[in-house]
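Quick notes on the structure that follows.
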Amino acid sequence: MLRFIFAFVLLPFCCLAQTAETYIGVGNTEANIKNYRQAITDFGKAIQLEPNNAKAYFYRGNAYNNLKEADNAVADYTKAIQYDPNNAFAYFYRANINNERGRYAEAITDFDKAIALNPRADMYHYRANAKASMGNHQGAVDDFTKAIALDPKDPSLYEYRGVAKANLKDNEGAIADYDKAVALDPKNSDLIYYRANSKGNIGDYKGAIADYTAALALNPKNAEAVFYRGNAYGNLKNYSAAIADYKKAISLNPKLPNIYKYLANALSNNNDKKGALQYFGEALKADPNNADLYLYDGLVRYNLNDNEGALADFNRSIELKPTSEAYQNRADLKLGMRNFGEARDDAGQAIELDAKNSYAYISRARASLELKDTTAALADLNQGIKINPSYDYAYVMLGNIAAGRHHYDEAIGYYNKALSLNAADPETYLKRAEVRNKVSDRAGALADYKRIATIDKDDDNLRSRFTRSMVNARFYSESLPVLNTLITKNAKNANLYVERGIAKQNTGDLQGALTDYNYALKLDTASAMAYVNRGNAKFELKDNTGALADIAKGIKLNEGLEDAYFTRGQIRLTIKDYQGAIDDFNSVIFINMENIDAYAWRGLARSLAGDLQRSSLDFNYALKIEPKNATVYLLRGQARAYAKDLGNACTDFKQAISLGSKTAVTEAAKYCK
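So for the sequence shown, the numbering used here puts the first residue at 38; every next one is plus one.
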């Protein structure tokens, strides 16, 4: 069964006296910005003042849980239950910890108590997980059935009940559940994949192939789906199709159990005696001690994503004749396998054998970055550039490090250098565009976006990322022709309609935006972004109720979607629900601490709520990170105007205007006479 990890959201309180409730409120505020250690200290102070305060133990337990300190979390949840035995969520969260620890019986006992106090679909769901982990698949089916009764529109409940039925060998029942899940969530590739497995289990190979194909259209990187489709083709004696699928599966995941055995059988049945690896295989039979042949065979296997085969070949090559090239290639292989420590060691050995191997320095730098050793990475990058100053990726890496440190001008310099060496790399243009936008070089950013559009890599992922970046950078009118062209080529891509809707909405075509959002939802009923942005459009039409309903749907589909909380926070500001707005901006920052606008909006919300001190901290932090962000100056100006500090407010509006804010012009006309 699939496991679920809870994010424990701690609600903020506001008090003035130094009471237990004060410390609880301060602790929750710290926890909401992920400062869990300080939160634990604050909750501890509350407990010192009121040793029987169940809330303090409960919230401290959540903080410990977020720090993965399970023993402390369980101890505090136990205390919370002792002083408030009716806290269903204390049982629920303790149950989840025990579930993760494999203490399923204890978890089920706590789930039982939580359900007795407050029966919810998710409680039955997680109890079902625990039962399935103990092999009680029928018990899991029963719990999922109860969860479905409470939430019949949740496709995941049918999905996991289907898995439980499949574990009971009830494949027909599983297929019936997957049918219901797919009807509710037709774009979920996993549902279609699981249904294909059950169809294969009952010998419906044609039905299985149809489902595997549909699942792969949604998730083309599902190696198991490719593999099992190959098996289905093999069972139908379509060996050519099976061979193609096995080779594709190898390219996606060469570690799939028995994949090579199945490929070999299919090749034999199809009389295909040739292949890329056969040449080196035969050569090695003739000359089994040739280190170079193992190295080249390893490279072929590496290019086929046969990591284990490649590693064996590289190992044998090094055993016969240790060379810088062999260690270098093994280092790159281990980087791909995320074995960063050994990758760094191999790159170091490559350097020992050939101090002029510039690429080895880059590989070691990559490993050091993954190991959080930035100092060593910088030293290796600089040495690699010294040996080979024409390698563009070294400069890209330096730019990434600088951007991560908020040294944007330095990052742009590195990206400039990389592009001077390789002017056709769209990824580098995208990185430079995003950094240029952070320093308000909009003309430069727009030029980079336009350059990406001229480099046609036939890469939908790149197109999606670059158009989203362009829209996020507020190049609305400029992005419309690009999006129109992409939609012409990809008429069923719901995401492109959402992005075009955003561009239309921000260029005054509100009805056109709604049309795009509605069409996106027609293409993908589970598009959280479509719901959220349609909610934003309804907000603009003063339909706050409709806006909040759409955003709630978006959050239900994707709880980690920062845009949803951001938009809802703005709506709550408008309806003067300042604390609710603060909570939403807290959520945005929890999801993405690099969202500087969220700090500014939270600063405005805190100002309107009367918390001027924290408001000031938010604005100061935002400007420290992005001193040329027009939105921050605009919102601080509004906060100051609300506080009757018109002199400083007008200074902020003037600065925002100088950075291109049109809204600031209106605000200045209103307040600055």
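The C-beta atom is built at its ideal place from N, Cα and C for all residues, glycine as well.
field: Gly697 to Thr504 span [Cα, whole Å]
entry: Taking the sequence shown and counting its residues from 1, the one referred to as residue 697 is at position 660. Taking the sequence shown and counting its residues from 1, the one referred to as residue 504 is at position 467. So the two alpha carbons sit approximately 22 Å from each other.
Span separating the alpha-carbon of Asp179 from that of Asn204: Residue 179 sits at position 142 when you count from the first residue of the sequence shown. Residue 204 sits at position 167 when you count from the first residue of the sequence shown. If you draw a straight line from the Cα of Asp179 to the Cα of Asn204, it comes to about 14 Å.
field: Cutoff 8 Å; reference Leu558; Cβ partners in own chain excluding five residues on either side
entry: To locate residue 558, count along the sequence shown from 1; it is residue 521. Within the same chain, Leu558 has close Cβ partners Ala531, Ser564, Ala567, Tyr568, Arg571.
- prompt: For Met566, which three-state DSSP category applies?
  reply: As a working note, residue 566 is residue 529 in the sequence shown. Helix, per DSSP.
message: Helix, strand or coil, according to DSSP, for Asn208 in the structure here?
response: On the sequence shown, residue 208 is found 171 positions in, with the first residue counted as 1. DSSP places Asn208 in the helix class (H, G or I) of the three-state scheme.
query: Pro257: which of Asn498, Asp648, Thr525 sits nearest, CA to CA?
result: Residue 257 sits at position 220 when you count from the first residue of the sequence shown. Out of Asn498, Asp648, Thr525, Asn498 has the C-alpha closest to the C-alpha of Pro257.
- prompt: Which residues in the same chain have their Cβ closer than 7 Å to the Cβ of Asp343, if we skip the five residues on either side of it in sequence?
  reply: As a first step, residue 343 must be located in the sequence shown, where it is residue number 306. Annotation for Asp343: Ile287, Pro291 place their beta carbon closer than 7 Å to its own, counting only its chain and skipping 5 residues before and after.
query: Helix, strand or coil: how does DSSP classify Glu663 here?
result: For the purposes of this step, residue 663 is identified with residue 626 of the sequence shown, where counting begins at 1. Glu663 falls in the coil class under three-state DSSP.
- prompt: Is it right to say Thr582 is buried, meaning 16 or more other beta carbons lie within 10 angstroms of its own, or is it exposed?
  reply: Working through the sequence shown from its first residue, we reach residue 582 at position 545. Thr582 should be labelled exposed.
message: Output needed for Ile626: all residues of its chain with C-beta closer than 6 Å, excluding positions within five of it in sequence on either side, in chain order.
response: Here residue 626 corresponds to residue number 589 of the sequence shown, with the count starting at 1. The beta carbon of Ile626 lies closer than 6 Å to those of Ala635 in the same chain, with the five residues before and after it left out.
- prompt: Are the CB atoms of Ala347 and Leu372 nearer to each other than 8 Å?
  reply: Your numbering for residue 347 matches position 310 in the sequence shown. Your numbering for residue 372 matches position 335 in the sequence shown. No, Cβ-Cβ distance for Ala347 and Leu372 is not below 8 Å.
query: How many Å lie between Gly139 and Thr146 at the Cα?
result: What you label residue 139 is simply residue 102 of the sequence shown in a count that begins at 1. What you label residue 146 is simply residue 109 of the sequence shown in a count that begins at 1. Gly139 and Thr146 have their alpha carbons spaced roughly 13 Å apart.
task: Give every residue of the same chain whose Cβ lies closer than 6 Å to the Cβ of Ala18, excluding the five residues on either side of it in the sequence, and list them in chain order.
output: For residue 18 there is no data in the structure shown, the boundaries of the chain being 38 and 710.
message: Is the beta carbon of Ala262 closer than 8 Å to that of Ala269?
response: Mapped onto the sequence shown, residue 269 falls at position 232. Mapped onto the sequence shown, residue 262 falls at position 225. At least 8 Å separates the beta-carbon of Ala269 from that of Ala262.
message: Using CA atoms only, rank isn't needed, just tell me which of Ser653, Met374, Pro463 is closest to Arg403.
response: In the sequence shown, the residue the question calls residue 403 occupies position 366. That would be Met374, whose Cα lies nearest to the Cα of Arg403.
query: Would DSSP call Gly583 helix, strand or coil?
result: Numbered from 1 along the sequence shown, position 546 holds the residue referred to as residue 583. Three-state result, Gly583: helix.
- prompt: How is the alpha helix (DSSP H) around Phe129 delimited, first residue to last?
  reply: Mapped onto the sequence shown, residue 129 falls at position 92. Run containing Phe129: 125–137, per the alpha helix (DSSP H) assignment.
message: Tell me the DSSP secondary structure of Asp546 in three-state form.
response: Counting from 1 along the sequence shown, the entry for residue 546 is found at position 509. Coil.
message: Among Tyr445, Gln85, Ala482, Asp282, whose alpha-carbon lies nearest the alpha-carbon of Asn509?
response: In the sequence shown, counting from the first residue as 1, residue 509 sits at position 472. The option with the nearest alpha carbon to Asn509 is Ala482.
- request: Buried or exposed for Val702, please, with buried defined as at least 16 other CB atoms from any protein chain shown within 10 angstroms of its CB.
  value: Here residue 702 refers to the residue found at position 665 when the sequence shown is read from its first residue. Looking at its Cβ environment, which holds fewer than 16 other Cβ atoms inside 10 Å, Val702 is exposed.
query: Is the segment 446–458 touching the segment 410–417, taking contact as three or more C-beta pairs under 8 Å?
result: The segment 446–458, when compared against the segment 410–417, does not touch it at the 8 Å Cβ threshold.
- prompt: Three-state secondary structure (DSSP) at Leu273?
  reply: By one-based count along the sequence shown, residue 273 stands at place 236. In the three-state scheme derived from DSSP, where H, G and I count as helix and E and B as strand, Leu273 is classed as coil.
message: By alpha-carbon positions, which one of Lys665, Glu663, Glu631, Thr611 ends up nearest to Ala642?
response: Taking the sequence shown and counting its residues from 1, the one referred to as residue 642 is at position 605. Looking at the Cα atoms, Thr611 is the closest of the given residues.
query: Helix or strand or just coil, what does DSSP make of Phe512?
result: Position 475 of the sequence shown, counting from 1, holds the residue named residue 512. Coil at Phe512, not helix or strand.
- prompt: Which full runs of the alpha helix (DSSP H) of 4+ residues lie inside the segment 399–430, going along the chain?
  reply: 411–424, all fully within the segment 399–430.
query: Roughly how many angstroms separate the alpha carbons of Thr56 and Gln85, rounded to a whole number?
result: Here residue 56 refers to the residue found at position 19 when the sequence shown is read from its first residue. Here residue 85 refers to the residue found at position 48 when the sequence shown is read from its first residue. For the pair Thr56 and Gln85, the Cα-to-Cα distance works out to about 10 Å.
query: Leu758 to Gln542, Cα distance in whole Å?
result: There is simply no residue 758 to check, as the chain begins at 38 and stops at 710 in what is shown.
- prompt: Gly421: which of Ile399, Met434, Arg353 sits nearest, CA to CA?
  reply: Position 384 of the sequence shown holds residue 421. Nearest option by C-alpha distance: Ile399.
query: At what residues does the alpha helix (DSSP H) containing Ser457 begin and finish?
result: Working through the sequence shown from its first residue, we reach residue 457 at position 420. Ser457: member of the alpha helix (DSSP H) spanning 445–458, first to last residue.
Buried/exposed call for Tyr101, threshold 16 Cβ in 10 Å: Translated into positions along the sequence shown, residue 101 becomes position 64. Looking at its Cβ environment, which holds 16 or more other Cβ atoms inside 10 Å, Tyr101 is buried.
query: What residue from Ser235, Tyr333, Lys224 has the CA that sits closest to Ala254's CA?
result: Reading the sequence shown from its first residue, position 217 is the one you call residue 254. Nearest of Ser235, Tyr333, Lys224 to Ala254, Cα basis: Lys224.
- request: Leaving out five residues on either side along the sequence, give the residues of the same chain with a beta carbon under 6 Å from the beta carbon of Val476.
  value: Locating residue 476 in the sequence shown gives position 439, where the first residue counts as 1. Result list for Val476: Tyr445, Lys665, in chain order.
- request: Return the CA-CA distance between Lys468 and Lys454, expressed in angstroms with no decimal places.
  value: Counting from 1 along the sequence shown, the entry for residue 468 is found at position 431. Counting from 1 along the sequence shown, the entry for residue 454 is found at position 417. Looking at the two C-alpha atoms, the distance is approximately 13 Å.
message: Just verifying my parser: in three-state terms, what is the DSSP assignment at Cys709?
response: In the sequence shown, the residue the question calls residue 709 occupies position 672. Cys709 falls in the coil class under three-state DSSP.
- prompt: For the alpha helix (DSSP H) that Leu104 lies in, which residues bound it at each end?
  reply: Locating residue 104 in the sequence shown gives position 67, where the first residue counts as 1. From DSSP, Leu104 is part of no alpha helix (DSSP H); its letter is neither H nor E.
- prompt: Looking at the structure shown, is Glu596 part of a helix, part of a strand, or coil, going by DSSP?
  reply: Residue 596 sits at position 559 when you count from the first residue of the sequence shown. DSSP places Glu596 in the coil class of the three-state scheme, outside both helix and strand.
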